[in-house]
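Note that our numbering has the sequence shown beginning at 159, numbered continuously upward. Data first, discussion second: the structure below is written as structure tokens.
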Amino acid sequence: MKTVLIAGATGYLGRYAVHAFKHAGYRVRVLARSEQKLALPGAGLAPAISDCIDEIHIGDVTQPETLRGITNGIDVVFSSISMMGAKSKHTWHDVDYLGNLTILNEARKTDVAKFVFISVFNAAKLMHVPMVKAHEDFAADLAASGLAYTVIRPTGYFSDMGALLQMAQSGRVYLLGDGTLRINPIHGADLARVSVDAVTMGASDIDVGGPEVHAWDDIAAIACAAAGQPPKVTRIPLPLARAGVGLLRPFKRRMAQLLDFFVSSAALESVAPQAGTRRLADHYDQLLANRPLEAVAP
């Protein structure tokens with residue numbers, strides 16, 4: 159039986175990856191800073207994972223000494239490590255680049271057969287954003303490492319779409335831009351399935367989105383319908399949003415960098431090859447009912 163190391167296991171995608179790899183017959187080792195979160199569900203209805211874990215490596219990607227030996231006995235590494243939020247004392251370079259690089263260096267010492275890494279769709283157009291640059295700097299090092307690898311670049315997660323449902327529940331949805339650009343976000347379970355399949359595929363780079371393509375205006379309408387609210391939408395012009403990011407930057411640089419990602423992404427079409435079966439409207443219904451989709455359904 160092959161063993162997979164899942165780094166980023168307590169994040170939205172990582173939780174589904176734990177279930178998907180376990181369902182596919184792998185032994186699962188996770189990297190975690192503590193065991194506390196493993197038995198609890200995550201954000202966006204992501205499932206608890208303690209019942210799917212065979213081994214736990216306690217460590218912190220910002221402390222390389224805690225990762226020594228982490229890939230001993232590992233056949234596949236899956237990493238969705240990414241710093242969440244803007245309040246950490248670390249930077250995206252510290253976590254998303256150097257943290258993943260530490261794991262890669264450990265993998266090169268052992269018999270890891272494949273390294274699967276999650277980056278960002280449209281990355282080439284977003285390299286001015288520190289989070290994206292950190293991901294793609296690591297992707298370049300991974301490509302040069304000599305290991306077999308796949309970099310997966312999803313358009314966006316269903317968990318991100320939850321913010322529109324929250325706004326709809328409050329009575330008004332705020333959109334960046336004119337609402338006409340399109341995206342096909344993907345559910346964590348569907349993206350986890352793509353990640354498992356990537357282990358045996360020859361592709362080094364995979365762009366992927368969900369099965370449905372929506373304009374942002376359509377997503378706002380779906381969210382309002384799910385919330386039982388009339389469709390009230392305020393569209394924020396992108397030049398105004400960019401100006402707001404600029405005004406914020408001298409005072410809250412990290413927050414401005416995170417907002418810059420969302421504003422810059424909102425100016426781009428985010429439609430990638432379609433995968434999976436899960437629909438956004440169903441996800442909204444399940445969020446409102448507070449019940450998760452099946453985490454491991456093939």
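Ideal Cβ positions, reconstructed from N, Cα and C, are used throughout, including at glycine.
Residue i in three-state terms, based on DSSP
i           : result
residue 345 : coil
residue 222 : helix
residue 239 : coil
residue 247 : coil
residue 253 : helix
residue 432 : strand
residue 204 : coil
residue 425 : coil
residue 407 : coil
residue 327 : helix
residue 380 : helix
residue 172 : helix
residue 284 : coil
residue 231 : coil
residue 359 : coil
residue 402 : helix
residue 270 : coil
The beta strand (DSSP E) enclosing residue i, as first and last residue numbers
i           : result
residue 193 : Residue 193 -> no beta strand (DSSP E), and no H or E assigned at all.
residue 216 : 213-216
Where the alpha helix (DSSP H) through residue i begins and ends
i           : result
residue 288 : 288-301
residue 365 : Careful: residue 365 lies outside any alpha helix (DSSP H), inside the beta strand (DSSP E) at 363-366.
residue 161 : No alpha helix (DSSP H) contains residue 161, which is instead part of the beta strand (DSSP E) from 161-165.
residue 263 : 258-267
residue 447 : 438-447
Which residues DSSP lists as bridging residue i, in chain order
i           : result
residue 275 : 237, 309
residue 333 : 393
residue 315 : 344
residue 185 : 161
residue 373 : 340
Test item: CB-CB of residue i and residue j under 9 Å
i           : j           : result
residue 366 : residue 352 : yes
residue 223 : residue 186 : no
residue 322 : residue 446 : no
residue 238 : residue 175 : yes
residue 202 : residue 316 : yes
residue 424 : residue 339 : yes
residue 272 : residue 220 : no
residue 235 : residue 207 : no
residue 378 : residue 434 : no
residue 394 : residue 438 : no
residue 406 : residue 413 : yes
residue 299 : residue 270 : no
residue 428 : residue 341 : yes
Residue burial classification, residue i (beta-carbon count within 10 angstroms, cutoff 16)
i           : result
residue 431 : exposed
residue 409 : exposed
residue 254 : buried
residue 326 : buried
residue 401 : exposed
residue 312 : buried
residue 455 : Note that residue 455 has pLDDT 37, beneath the 50 cutoff, so the model's placement of it is unreliable and no number is given.
residue 226 : exposed
residue 363 : exposed
residue 286 : exposed
residue 266 : exposed
residue 168 : buried
Proximity test, residue i beta-carbon vs the ligand GDP heavy atom, cut-off 8 Å
i           : result
residue 228 : This structure simply doesn't include the ligand GDP, nor any ligand for that matter.
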